[in-house]
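One structure below.
Numbering (our numbering), first residue to last: 70 to 249.
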C-alpha cells in the first residue's frame, strides 16, 4: 500500500472511530441496527498461471454453486465467463472469484469457506459506503493476506449503499432493513 493510501486509510479510520465514540451520541437499538453491515463480499484467490490452483478454485466454486442450487444459502457468485477472473480485476491483483452474501446467509457462508477453502486465501469484506475501509481495516482474511491495489478507490465514501441484488430482497434491500 502506498504511503498516501496508508495515510488515507488511517485518517478515515480515525475519523470514523471518533464519530462512533463521540460522548455526545446516544446509543439506541434502532441506530445500532441501522449501522449494521447488511451485505458482504467473499473473494477466493488463486494463482491464475498455476493449473492446479486454478482448477482447485473452479472446483470450490462449482461445489458452492451446487449448494446454492440445493437451497443451502442465498448468495450470488459473480457471473463471469468460466466462473472465475483469470487475472487482475479491480483491487484484486491475481485470479479470483467473488461471492455476494447478504447478512441473512453470512454465518453459513463464512462457515462453509472456513471449512472448504483449501489452500486458497479468502478476503471477506463488508459492503458499506466506505469502500477503501471495507477492503482494509474492516476486512477479514482467511489464510494468508494478499496485496490489493487500492488505487481503484477514487472516492473514499459513497453517498449510498452499494445495492447489488435488490431482487432477492435481502441485505440492504430487505423489506425490514433499517438504513443509517
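Glycine residues also receive a C-beta, built at the ideal position from the N, C-alpha and C atoms.
Please read these numbers as outputs of a predicted model, since none were measured by experiment.
Please report the Cβ distance between residue i and residue j, rounded to the nearest whole angstrom; I am assuming they are in contact, meaning their Cβ atoms lie under 8 Å.
i	j	result
residue 142	residue 165	About 19 Å; that fails the 8 Å criterion.
residue 168	residue 204	Wrong, their Cβ atoms sit about 15 Å apart, outside the cutoff.
residue 190	residue 212	4 Å
residue 207	residue 194	6 Å
residue 129	residue 113	6 Å
With DSSP collapsed to three states, give me the class of residue i.
i	result
residue 31	With the chain represented from 70 up to 249, any question about residue 31 goes unanswered, as that position is not in the structure.
residue 135	helix
residue 124	helix
residue 82	Caution applies to residue 82, whose pLDDT of 49 falls short of 50 and renders its modelled position unreliable; the value that the coordinates give is listed next. It is helical.
residue 257	An answer regarding residue 257 cannot be provided, because it is not within the stretch 70 to 249 covered by the chain.
residue 247	coil
Give the range of the alpha helix (DSSP H) segment to which residue i is assigned.
i	result
residue 209	Note, residue 209: premise wrong, no alpha helix (DSSP H); beta strand (DSSP E) at 209-211.
residue 202	200-203
residue 98	98-104
Among all the DSSP beta bridges, which residues are the ones paired with residue i?
i	result
residue 112	167 and 192
residue 217	161
Quick one: which unbroken beta strand (DSSP E) runs of 3-plus residues sit fully inside the segment 141-198? Chain order, please. 164-171 and 191-195
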